[in-house]
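**Q**
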Amino acid sequence: MKEIGKITLIILFLPFVLLIDTIKSQRSIIRKIGYIILVFIIFGNIWTSAIKEINDLVTYTLFQTGVTDKLTKIKVSGTSMLPTIKNGEEVILNSPQKYGLARGDIVSFSNQETNNLFYIKRVVGMPGENISIKNGYYYINGKAIDENYTLNQLPTYGNTFLPDCESASVPKDHYFVSGDNRTVSFDSRAIGFVHKNDIEGIIKTNITEKFLDAPTQKNLLQTDIDPEIFLQILNKKRVENDLSQITTHDTLNDLAGSRSGEIKDNFNDWKSKAIPIVRLLDEKDYRYNLVHEFVTFGYLDEQSIVEQIFDSPVEKDQFLSSEYTEVGIGIAQREHQECKYPIISIILSWPVVPTYDQEVLDAWDQEITNNNQSLSNLQTQVGSPNIDQDKLRTLINSIAQMQQIAERVYGKQKNKEWLTQKDFNDIKLYDQLSTDAQRLNEELFDEGLDVLGASTRKENSRRF
Numbered sequence: 223m224k225e226i227g228k229i230t231l232i233i234l235f236l237p238f239v240l241l242i243d244t245i246k247s248q249r250s251i252i253r254k255i256g257y258i259i260l261v262f263i264i265f266g267n268i269w270t271s272a273i274k275e276i277n278d279l280v281t282y283t284l285f286q287t288g289v290t291d292k293l294t295k296i297k298v299s300g301t302s303m304l305p306t307i308k309n310g311e312e313v314i315l316n317s318p319q320k321y322g323l324a325r326g327d328i329v330s331f332s333n334q335e336t337n338n339l340f341y342i343k344r345v346v347g348m349p350g351e352n353i354s355i356k357n358g359y360y361y362i363n364g365k366a367i368d369e370n371y372t373l374n375q376l377p378t379y380g381n382t383f384l385p386d387c388e389s390a391s392v393p394k395d396h397y398f399v400s401g402d403n404r405t406v407s408f409d410s411r412a413i414g415f416v417h418k419n420d421i422e423g424i425i426k427t428n429i430t431e432k433f434l435d436a437p438t439q440k441n442l443l444q445t446d447i448d449p450e451i452f453l454q455i456l457n458k459k460r461v462e463n464d465l466s467q468i469t470t471h472d473t474l475n476d477l478a479g480s481r482s483g484e485i486k487d488n489f490n491d492w493k494s495k496a497i498p499i500v501r502l503l504d505e506k507d508y509r510y511n512l513v514h515e516f517v518t519f520g521y522l523d524e525q526s527i528v529e530q531i532f533d534s535p536v537e538k539d540q541f542l543s544s545e546y547t548e549v550g551i552g553i554a555q556r557e558h559q560e561c562k563y564p565i566i567s568i569i570l571s572w573p574v575v576p577t578y579d580q581e582v583l584d585a586w587d588q589e590i591t592n593n594n595q596s597l598s599n600l601q602t603q604v605g606s607p608n609i610d611q612d613k614l615r616t617l618i619n620s621i622a623q624m625q626q627i628a629e630r631v632y633g634k635q636k637n638k639e640w641l642t643q644k645d646f647n648d649i650k651l652y653d654q655l656s657t658d659a660q661r662l663n664e665e666l667f668d669e670g671l672d673v674l675g676a677s678t679r680k681e682n683s684r685r686f
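Per my numbering, the very first residue in the sequence shown carries number 223; after that it's consecutive.
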C-alpha cells in the first residue's frame with residue numbers, strides 16, 4: 223500500500239516538481255519558458271488521465287462502500303409497474319449500497335436473464351426466505367403478503383420459474399422481484415432470483431410489512447384465448463414498428479396446443495431438462511427454417527399476453543423479428559395440489575413451405591377477374607369524343623400494371639412459393655395504383671366503371 227501511495231503522489235505532483243525545479247534553475251527566462259512548455263506537452267495528457275482515473279476509482283470505491291450516494295434519473299418504459307410507475311415516467315434511483323434493500327423497495331437491475339437490459343421491479347422475497355404463490359397471493363414463509371400497491375388488486379399467477387403451489391428458497395445475496403402489474407410483468411416468476419451485485423439503483427418505499435392471517439382466494443379470472451384476437455393485437459405492435467404482419471393457422475395452433483399438453487403431462491421433466499419444442503415439431507413432421515417458443519402461465523387474456531411478451535426485451539425482439547411469418551397459440555389446464563392454472567404455449571415459426579389462407583388466394587383470384595373486366599370495359603371507351611383520352615390511357619396503363627402484379631403474386635401463393643421483398647413492395651404499389659385508378663375513374667365517368675377489385679382484399683390477409 224505504501225508503494226501504491228508513493229506512486230500516486232508522484233503522479234499527482236510530478237508536473238509541479240518539474241515546474242518548480244525549472245523555475246529554480248539558472249537557465250535564462252526563454253529557456254525556462256521552453257522547458258515549462260515541454261514539461262506540459264510531455265506529461266500533461268498523462269497527468270490529466272491519471273488524475274481522472276484516480277478520481278473515478280475514489281468515486282466508485284466510496285459509492286460501492288455506501289459512503290456516498292449516486293442519484294440516477296431514468297425514464298421508465300413499459301406498464302409492468304403500474305399503477306406505481308407509469309409508462310414514460312422519470313424516476314430517481316439511489317444507491318443500494320448506501321441505503322440497503324428491504325421488502326417493498328423498487329430496484330433497477332440487469333443480468334444475463336434480462337439480456338443485460340435494465341428492469342425495474344419491486345422486492346418481494348428477501349435472502350433466506352421461502353416464497354410461493356397460491357390463491358392469487360405471494361406467500362413468504364407460509365404467510366400471505368398484503369400488497370395494496372398492485373394494479374387493481376389483480377391475482378398473482380406463477381410462471382415458469384415459480385409456478386403456483388410450488389415454493390423456492392431465496393439464496394443468500396439474492397432477491398425475488400415482481401412488477402406491480404402482475405398479469406403483465408415479466409419478473410422473477412420467469413427469470414429467477416436477482417443477485418445483489420446486479421442491482422444498480424433503488425427507490426426506498428419504507429412500506430410497513432403486512433401479512434394476512436386467513437386470506438380469501440382472489441378471483442382467478444377464467445378466460446379462453448382466441449388466436450385471431452391475439453394475432454390482431456400482435457400485428458398491431460408489428461405494424462407500429464414498421465414490420466410485416468404474420469398469420470396464424472390451425473396447424474400451428476394445434477401444435478401449440480399439443481405442446482401445452484406435453485408440458486402439463488411432463489412438467490417436472492420440462493422444468494429440469496428443458497424439453498425442446500423442436501422434438502415435438504419433428505415428431506409431427508412440421509418442417510421449419512426457424513422456430514421460437516414462449517411459455518407463460520395464468521388466466522391471461524390476449525392483451526395481457528402480448529403486454530407480458532413486450533415487457534421482456536428478449537421476447538420482444540423475437541416477436542418483432544422479421545424472420546418469423548406464422549404464429550400458433552395453445553392452452554392446457556394443469557392441476558397441481560390445490561392449484562389450477564392454464565399453461566400457454568406460443569410458437570413463432572418460419573416454415574419451409576409458406577401457408578397462405580384460402581381467403582387470401584380467393585381475394586387475389588377475384589382481383590384478376592375484376593381487373594380483366596375493367597380493362598375490357600375501358601377499351602370500349604378508346605376514341606370516344608366525350609372522354610379525356612390522356613386520362614383514359616393513364617387509367618388503362620395503371621390497371622394493366624395492377625393485373626401484372628396480381629397474377630404474379632397469386633401464382634406464387636398458389637404454388638406455395640415465398641414472396642420476396644420486391645413482391646411486398648409491389649403489393650404496396652398495387653394499393654397505390656388502385657387508389658389512383660379509383661380517382662381517375664370518378665373523374666372520367668359519372669356513374670363509374672368497375673375498374674377496381676381492391677375491396678375484395680382484406681388488410682389483415684396480406685402477407686407483408
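For every residue, glycine included, the Cβ atom is placed at its ideal position computed from N, Cα and C. Since we're looking at a predicted model, the values are computed, not measured.
(1) CA-CA distance, L666 and L614?
(2) Grab me the residues of E545's own chain with a C-beta within less than 6 Å of its C-beta, minus the 5 sequence neighbours each way, in chain order.
(3) Taking only the alpha-carbon atoms, compute the straight-line gap between L570 and S410 and give it to the nearest angstrom.
(4) Whose CA, out of I621, T547, N309 and T405, lies closest to the CA of D523?
(5) For F383 versus D533, is the C-beta spacing smaller than 8 Å?
(6) So F519 is in the beta strand (DSSP E); what residue range does that whole segment cover?
(7) Take S677 and list the residues in its own chain whose beta-carbon comes closer than 7 Å to its own, dropping the five residues that flank it on each side.
(8) Under a three-way DSSP split, which group does A676 fall into?
(9) Give the secondary structure of S494 by DSSP, where H, G and I count as helix, E and B as strand, and everything else as coil.
(10) Does I485 come out as helix, strand or coil in the three-state DSSP assignment?
(11) Based on DSSP bridge pairs, tell me the residues matched to G322.
(12) Are the stretch 596-604 and the stretch 618-627 in contact at 8 Å, needing three or more beta carbon pairs?
(13) Starting from T623, follow its DSSP beta bridges and name the residues at the other end.
(14) Report whether the distance from the Cβ of F646 to the nearest heavy atom of the ligand ATP is below 7 Å.
(15) Should L542 and R460 be called a contact, given that it needs their Cβ atoms to be closer than 8 Å?
(16) Is the beta carbon of I413 sitting closer than 8 Å to the one on E335?
(17) Please tell me whether K356 and D386 are closer than 8 Å, where the distance is taken between their beta carbons.
(18) Return helix, strand or coil for R501, following the three-state DSSP convention.
(19) Keeping to the same chain, check which residues put their C-beta closer than 8 Å to that of D687; ignore five residues upstream and five downstream.
(20) Could you check where the alpha helix (DSSP H) with P305 kicks off and where it finishes?
(21) So, is V346 buried or exposed, given that buried needs 16 or more other C-beta atoms within 10 angstroms?
(22) So, are the CB atoms of T378 and Y397 less than 8 Å apart?
(23) Are the beta-carbon atoms of Q625 and W586 separated by less than 8 Å?
(24) So, I527 versus K538, is the Cβ gap smaller than 8 Å?
(25) Thinking C-alpha only, which one of F331, K274, Y321 and S271 is nearest V298?
(26) Hey, would you say G326 sits closer than 8 Å to T427, going by beta carbons?
(27) Could you name the residues of the same chain whose beta carbon sits closer than 6 Å to that of T430, not counting the 5 residues immediately before and after it, in chain order?
(28) If we require 3 or more residues per run, which beta strand (DSSP E) segments fall completely within the stretch 341-367?
(29) Excluding the 5 residues preceding and the 5 following F686 in the sequence, name in chain order all residues of the same chain whose CB lies nearer than 6 Å to its CB.
(30) Helix, strand or coil: how does DSSP classify G401 here?
(31) For the candidate residues E505, R501, D507 and A496, whose alpha-carbon lies nearest to that of V517?
(32) In terms of residues, what are the limits of the alpha helix (DSSP H) holding I455?
(33) Between E388 and N309, what straight-line distance do the alpha-carbon atoms span, to the nearest angstrom?
(34) Considering Y652, what are the terminal residues of the alpha helix (DSSP H) in which it resides?
(35) Name the residue from I451, T270 and I566 whose alpha carbon lies nearest to the alpha carbon of Q525.
(36) Could you round the C-beta distance between L315 and P535 to whole angstroms and report it? I think they count as a contact, below 8 Å.
**A** So, from the data block:
(1) Rounded to the nearest angstrom, the two C-alpha atoms are 8 Å apart.
(2) Only residues of its own chain outside the window of five on either side were considered, and among them L512 and W572 have a CB closer than 6 Å to the CB of E545, listed in chain order.
(3) Each residue's alpha carbon lies about 24 Å from the other.
(4) Taking the Cα of D523 as reference, the smallest distance to any Cα among I621, T547, N309 and T405 is reached at T405.
(5) No; because the gap between Cβ atoms is not below 8 Å, this pair is not in contact.
(6) The continuous beta strand (DSSP E) containing F519 extends over residues Y510 to F519.
(7) Residue placement at S677 is flagged as unreliable, the pLDDT there being 41, under the threshold of 50; a coordinate-derived value is accordingly withheld.
(8) Confidence in A676 is poor, its pLDDT being 43 and thus under 50, which makes the residue's placement unreliable; the coordinate value appears in the next sentence. If DSSP states are grouped into helix, strand and coil, A676 belongs with the helices.
(9) Taken through DSSP and simplified to helix, strand or coil, S494 comes out as helix.
(10) In the structure shown, I485 sits in a helix (DSSP, three-state: H, G or I).
(11) For G322, no pairing in a beta bridge is given by DSSP.
(12) Contact between the stretch 596-604 and the stretch 618-627 is present, because at least three Cβ pairs lie under 8 Å.
(13) With the sequence shown as reference, residue 623 is identified as Gln, and Thr is not the correct amino acid for it. Partner residues in a beta bridge of Q623, as assigned by DSSP, do not exist.
(14) You won't find the ligand ATP in this model; it holds no ligand whatsoever.
(15) Yes, these two residues count as a Cβ contact at 8 Å.
(16) Contact flag set, yes.
(17) Yes. Within cutoff.
(18) Helix at R501.
(19) Absent from the model: residue 687. The displayed extent of the chain is 223 to 686, so no value can be given.
(20) It is not in any alpha helix (DSSP H) - P305 carries neither H nor E in the DSSP assignment.
(21) When all chains shown are included, V346 counts as buried.
(22) No, they are not a contact pair.
(23) Contact: no.
(24) A distance of 8 Å or more separates the beta carbons of I527 and K538.
(25) Nearest in C-alpha terms to V298, of all of F331, K274, Y321 and S271, is F331.
(26) In contact: G326 and T427 (Cβ atoms closer than 8 Å).
(27) Annotation for T430: no residue places its beta carbon closer than 6 Å to its own, counting only its chain and skipping 5 residues before and after.
(28) Annotation note: the stretch 341-367 contains the following uninterrupted beta strand (DSSP E) runs of length 3 or greater, listed N- to C-terminal: 341-347, 352-356, 359-362 and 365-367.
(29) Unreliable positioning characterises F686 in this predicted model, as indicated by a pLDDT of 23, which lies under 50. The coordinate reading is nonetheless provided below. Excluding residues within five positions, the ones whose Cβ falls inside 6 Å are S466, Q467 and F646.
(30) Three-state result, G401: coil.
(31) Ranked by Cα distance from V517, the options E505, R501, D507 and A496 are led by A496.
(32) For I455, the uninterrupted alpha helix (DSSP H) segment begins and ends at P449 to E462.
(33) Taking the straight line from one Cα to the other gives about 32 Å.
(34) Start and end: Q643 to L666.
(35) For the residues I451, T270 and I566, the minimum Cα distance to Q525 belongs to I451.
(36) The pair is not a contact, with the Cβ atoms about 19 Å apart (cut-off 8 Å).
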